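Q:
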Amino acid sequence: MPSSDPVPGRFRPRLSLRTLDRGDGLLGLRPHEPFGPRGPAVTVACIDWLYTAEGGLRWQTPAPRSVLGTRPAPQVAVSDAQGDAWTLGRDLAAEAEALDTVRALGLIPLPAEALQWRSPEAAQGPDELWSLQQEDFFGDLWAEQVPGLQARGWLVVAHPGFAHESVPVERWHVHLDADTGEELGREPEPRSLPRGTPGAAVKSLRLARREGAWLLTLGVEIDGERLDLAPLLAPLLKKDRRWLDARQIAAIDDDEPIVLRAPGGRRVHTPAAPLKAIIGSMVDLITDPRRAEGPLRLSNWDAERVEGLRLALLHTQAARAGPHGAWQLKGEAGLHALAQRLSRHAGPRPVMPPAGLGLNLRPYQLDGVAWLQYLREQHLGGILADDMGLGKTAQALAHLLIEQQAGRLDRPALVVMPTSLVFNWQAEARRVAPGLRVLTLDGPQRQADFGRIAEHDLVLTTYPLLLRDILSLQARAFHLVILDEAQTVKNAASRTASAVRRLDTRHRLCLTGTPLENHLGELWAQFDFLMPGFLGDARHFKRHWRDPIEVNGESLRARLLAQRVRPFILRRRKVDVAPELPPRTEMIRRVTLQGAQRDLYESVRVAADKQVRRVLERSGLAGGLISVLDALLKLRQVCCDPALVKGPASAAATAAGMPRAKIELLRELLPELVDEGRRVLVFSQFTEMLGLIEDELSALGLPTLSLTGQTPPGERGMVVQRFQDGEVPIFLVSLKAGGTGLNLTAADTVIHVDPWWNPAVEAQATARAHRLGQTQPVFVYQLIAEGSIEERMLELQSRKAALADGVLGHDEAGAAKFSAADLQHLLAPLDVAAD
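Going by my numbering, the sequence shown opens with residue 401, and the numbers climb by one from there.
(1) Buried or exposed for M1193, please, with buried defined as at least 16 other CB atoms from any protein chain shown within 10 angstroms of its CB.
(2) Take P754 and list the residues in its own chain whose beta-carbon comes closer than 7 Å to its own, dropping the five residues that flank it on each side.
(3) Below 8 Å between beta carbons: does that hold for V1161 and V1180?
(4) Can you tell me whether T1175 is buried or exposed, with buried defined as 16 or more other CB within 10 angstroms of its CB?
(5) Classify L492 as buried or exposed, calling it buried when 16 or more other Cβ atoms lie within 10 Å of its own Cβ.
(6) Cα separation between R418 and G456?
(7) Determine the extent of the alpha helix (DSSP H) in which L529 is found, giving its start and end residues.
(8) Any contact of the stretch 831 to 844 with the stretch 887 to 902, i.e. 3+ C-beta pairs under 8 Å?
(9) With A892 and A925 assumed to form a contact (beta carbons below 8 Å), what rounded beta-carbon distance in angstroms separates them?
(10) Compute the Euclidean distance between the alpha carbons of A1061 and P932, then round it to the nearest angstrom.
(11) In the DSSP assignment, find the unbroken alpha helix (DSSP H) run with E777 in it and report its ends.
(12) Do you know offhand how far R1036's Cα is from A1137's?
(13) Mapping the DSSP letters down to three states, classify T1111 as helix, strand or coil.
(14) With burial defined as no fewer than 16 other Cβ atoms inside 10 Å of the residue's Cβ, what is the status of N1143: buried or exposed?
(15) Taking the beta strand (DSSP E) that T1149 falls in, what are its first and last residues?
(16) Short of 7 Å in beta carbon distance, which residues of its chain neighbour T1145, apart from the five on each side in sequence? Order them along the chain.
(17) Output the boundary residues of the beta strand (DSSP E) element that contains M394.
(18) Locate the alpha helix (DSSP H) running through V951, then write down its first and last residues.
(19) Does the beta-carbon of N760 have 16 or more other beta-carbons within 10 angstroms, so that it is buried, or is it exposed?
(20) For T912 and D786, what's the separation of their Cα atoms in angstroms?
(21) Below 8 Å between beta carbons: does that hold for K792 and L784?
(22) State the Cα-Cα distance for the pair C1040 and R902, rounded to the nearest angstrom.
(23) Candidates W517, P1129 and G539: which alpha carbon is nearest L505's?
(24) In terms of DSSP beta bridges, what is L1183 paired with?
(25) Just the C-alpha distance for D1222 and S566, rounded to the nearest angstrom, thanks.
(26) Mapping the DSSP letters down to three states, classify Q475 as helix, strand or coil.
(27) Going by CA-CA distance only, name the one from L615, V620 and L775 that's closest to V706.
(28) Would you report the Cα separation of P671 and V951, rounded to the nearest angstrom?
(29) Q1085 to L841, Cα distance in whole Å?
(30) Does the distance from the CB of G423 to the CB of A453 come in under 8 Å?
(31) How is G791 classed by DSSP in three states: helix, strand or coil?
(32) Determine the burial state of T1166: buried for a count of at least 16 other Cβ atoms within 10 Å of its Cβ, exposed for fewer.
(33) Please state if the CB of W1157 and the CB of L1135 are separated by a distance shorter than 8 Å.
(34) DSSP on T580, reduced to helix/strand/coil?
(35) Would you mind giving the Cβ-Cβ distance between A650 and S955, rounded to the nearest angstrom? I have them listed as a contact below 8 Å.
(36) Does the stretch 528 to 543 come within contact of the stretch 479 to 492, defined as at least 3 CB pairs closer than 8 Å?
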């Protein structure tokens, strides 16, 4: 019997979703703010408040589209099945909370007139419609918001044809099979948990070996259909840039719902955890534009990354249950062993110093020799990339001495080096490994020495002579070819790089303190000598690694490249392995361009700015790079000395006594340093600048020595020895001729007269003095024209250092390329640039 007292109703909100299209008579959505343009299909929502009560009472009403000026009645009259009248109490607080949720979802009332129907008769459905600003937003709502709504008691209904409903991944197919040799495209029989197992998702990692390659199949199964995973991931990576940044991937919650778009428009949702493991290991292969559908093609060099993927998947399974499923691995032992073999942690065994070694190796140097031995055992190439001054030459010589005493040096080793280093290698070989028979190929008489190569253990030549002698040298077999200062072959298209690749040798090794100076292409060139194909061909490397890292700043790809190359690069820093080295103090000494020198700088800058703008408009930066660098060169010359700038204006001004800021500073600084008993290295890019400095110092009665590209090769060792013996206090050195390889520990002061684009080059030069054997604190001065292009060059230096650290060091920073914006900054007027 009906009661006069209200019956409390049980409140439940309902969200109904439907996609209308031409089959429903809908033509589309008229332009209507705030809704974005739609295609022929429009998804709409209906929102209702549902009430039930004892006795089978039911009542529903559309959610209010506006609350302005309205106050819902707390009670409503309802009738039961017998027609008796009842009073039903409403939960207005719950209704208000549900309406707040609607707004939070982004649902907006959709006016009925916004829908364009084929005819008035075709119009269907209620007038109280809602929608989202963009059609695609419904996919995110379904995958990310609906589960939470249902957990809070909402009734969510998707009508047939709803276009954005997503389905879960039923199985992951990542099946590892390293020893079946199955043909490409042949699918293994699926091994999975029974269909319908709660939370079951079978992941298998399949690798089929074919002609030294590996084929990795990544797939998912939805509604019983197996799909290639990579095409599903590519749109995600374009849409959500988090997946290209290593740090942001780590910050993604493992349970965050991720929606993928399958063929036919179906949406697939999955927790983030498995994707974090797969994308973090394979993003470069997944996004390779050359890859067709099907397995990812890997090489043996990818074993370590596949092992990393295997461990990440196992960790995911061990740490989490339910939606991540169970991993089923088969035959991974072979690949695991290969990965371990390529891992540095499982590699070098301790070695004893060879008999007859002329010095006591420091612990880190002995580790370096063990690493070189390990590379030889595994038939791998590598880069010994220790900081300058840590004894790379000594480690290489100790390695050769072990090879000789083990009877493996049945062929000679060939070392190719810059001309300035021949004297140093000769002296080090006599001191460190006197038991090695050394032959130096130099001078016109070297042709007669070719027949004696096989009689020696170590053959020394230079990069210029290698080009002349390549026909004779490529006809001989070597045990080991070492490229010292290997950055010399950083241009893979150069004749020198081509020549070293033609040498017949069992083993290959690079020595350099700067394996990466300006861009990643330099690293590729060295590995193309060491292990051809390891990083793909040049075009592949540029598209696959260099552009994504340098241009797009993709830190995840930088991390993957670092992971790939680091087992083959041994790099130690002075601060870590040689803390006993005396301190190095670096100072920037700024000079101010004044008077006529400042006016000359501004006139050259204006002309350079016009030249660069014309070049950029006509050819772009890449096509006009030579002209751009020429314009910048003139500005740098003005900063050094007006006499370096060619042309009648500068010559006349110089003759008239134009200010020379850096020369004037050096006229004051160098006599003071010499009076203090200091021994000074003066470096410059410009040989002519060194000549001007020499003239000024000669006028002051200060003796100097110089080493430039014009110094005859036969005299270079003698010049170095004279400085080392203390004969002369000032050594003028061109950066190109003497910035690498030399041992100049008699110096305790280094002056860089002008900056270079890359800080590694200057660090190399500084290391001529700050290296093992140095007992005095080293002071480094860098002369900078205040507010000029040189100030801007210091900023570019820091970015190039970040690129090297990202691949060779311990962070994941990237670096931008030299851009048009950089040029505008470099060419800023003195007064603007100085602000």
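A virtual CB, placed ideally from N, CA and C, is assigned to each residue, including glycine.
On a predicted model such as this, the values are computed, not experimentally measured, just so you know.
A: According to the structure data:
(1) Your numbering for residue 1193 matches position 793 in the sequence shown. Buried.
(2) To locate residue 754, count along the sequence shown from 1; it is residue 354. A798, L801, I802 and Q805.
(3) For this step, residue 1161 is matched to residue 761 along the sequence shown. For this step, residue 1180 is matched to residue 780 along the sequence shown. Not a contact, by the Cβ cut-off of 8 Å.
(4) Stepping through the sequence shown from its first residue, residue 1175 is reached at position 775. Flag for T1175 reads exposed.
(5) Stepping through the sequence shown from its first residue, residue 492 is reached at position 92. L492 is exposed by the Cβ-count criterion.
(6) On the sequence shown, residue 418 is found 18 positions in, with the first residue counted as 1. On the sequence shown, residue 456 is found 56 positions in, with the first residue counted as 1. Using only the alpha carbons, I get a separation of about 28 Å.
(7) Position 129 of the sequence shown, counted from the first residue, corresponds to residue 529. Looking at the DSSP string, L529 is not in any alpha helix (DSSP H); the run it does join, the beta strand (DSSP E), is L529 to S531.
(8) no
(9) In the sequence shown, residue 892 corresponds to position 492, counting from 1. In the sequence shown, residue 925 corresponds to position 525, counting from 1. With a Cβ gap of about 4 Å, A892 and A925 count as contacting.
(10) Within the sequence shown, the letter at position 661 stands for residue 1061. Within the sequence shown, the letter at position 532 stands for residue 932. Going by the C-alpha atoms only, they are around 50 Å apart.
(11) Translated into the one-based positions of the sequence shown, residue 777 becomes position 377. Note, E777: alpha helix (DSSP H), P763 to E777.
(12) Residue mapping note: residue 1036 aligns to position 636 of the sequence shown, counting from 1. Residue mapping note: residue 1137 aligns to position 737 of the sequence shown, counting from 1. The straight-line gap from Cα to Cα measures roughly 20 Å.
(13) Along the sequence shown, read from residue 1 onward, the residue named residue 1111 stands at position 711. DSSP places T1111 in coil when its eight states are reduced to three.
(14) For this step, residue 1143 is matched to residue 743 along the sequence shown. It is buried - the Cβ of N1143 has at least 16 other Cβ atoms within 10 Å.
(15) As a first step, residue 1149 must be located in the sequence shown, where it is residue number 749. Per DSSP, T1149 belongs to the beta strand (DSSP E) from T1149 to H1152.
(16) One-based indexing of the sequence shown puts residue 1145 at position 745. A1169, R1171, G1173 and Q1174, listed in sequence order.
(17) Look at the range of the chain in this structure, 401 to 1235, and you will see that residue 394 is not part of it.
(18) Mapped onto the sequence shown, residue 951 falls at position 551. It is not in any alpha helix (DSSP H) - V951 carries neither H nor E in the DSSP assignment.
(19) Position 360 of the sequence shown, counted from the start, is the residue given in the question as residue 760. Flag for N760 reads exposed.
(20) Walking along the sequence shown from the start, residue 912 turns up at place 512. Walking along the sequence shown from the start, residue 786 turns up at place 386. Cα to Cα, T912 sits roughly 7 Å from D786.
(21) What you label residue 792 is simply residue 392 of the sequence shown in a count that begins at 1. What you label residue 784 is simply residue 384 of the sequence shown in a count that begins at 1. Yes.
(22) Against the sequence shown, residue 1040 aligns to sequence position 640. Against the sequence shown, residue 902 aligns to sequence position 502. So the alpha carbons of these two residues sit roughly 42 Å apart.
(23) Here the question's residue 505 lines up with position 105 in the sequence shown. Among W517, P1129 and G539, the Cα nearest to that of L505 belongs to G539.
(24) As a first step, residue 1183 is located in the sequence shown; it is residue number 783 there, counting from the start. Looking at the DSSP assignment, L1183 forms a beta bridge with R989.
(25) Working through the sequence shown from its first residue, we reach residue 1222 at position 822. Working through the sequence shown from its first residue, we reach residue 566 at position 166. Using only the alpha carbons, I get a separation of about 46 Å.
(26) Taking the sequence shown and counting its residues from 1, the one referred to as residue 475 is at position 75. Q475: strand per DSSP, three-state reduction.
(27) Within the sequence shown, numbered from 1, the residue matching residue 706 stands at position 306. When each option's Cα is compared against that of V706, the closest is L615.
(28) As a working note, residue 671 is residue 271 in the sequence shown. As a working note, residue 951 is residue 551 in the sequence shown. Inter-residue distance for P671 and V951 is about 31 Å (C-alpha atoms, whole angstroms).
(29) Position 685 of the sequence shown, counted from the first residue, corresponds to residue 1085. Position 441 of the sequence shown, counted from the first residue, corresponds to residue 841. Using only the alpha carbons, I get a separation of about 28 Å.
(30) Numbered from 1 along the sequence shown, position 23 holds the residue referred to as residue 423. Numbered from 1 along the sequence shown, position 53 holds the residue referred to as residue 453. No, Cβ-Cβ distance for G423 and A453 is not below 8 Å.
(31) Taking the first residue of the sequence shown as 1, we reach residue 791 at position 391. G791 sits in coil when the DSSP states are folded into three classes, being neither helix nor strand.
(32) What you label residue 1166 is simply residue 766 of the sequence shown in a count that begins at 1. Under this definition T1166 is a buried residue.
(33) Along the sequence shown, one-based indexing puts residue 1135 at 735. Along the sequence shown, one-based indexing puts residue 1157 at 757. No; because the gap between Cβ atoms is not below 8 Å, this pair is not in contact.
(34) For the purposes of this step, residue 580 is taken as the residue at position 180 of the sequence shown. In this predicted model, T580 has a pLDDT of only 40, less than 50, meaning its place in the structure is not dependable enough to derive any value.
(35) The residue given as residue 650 occupies position 250 in the sequence shown. The residue given as residue 955 occupies position 555 in the sequence shown. The Cβ separation is near 11 Å, so there is no contact.
(36) no
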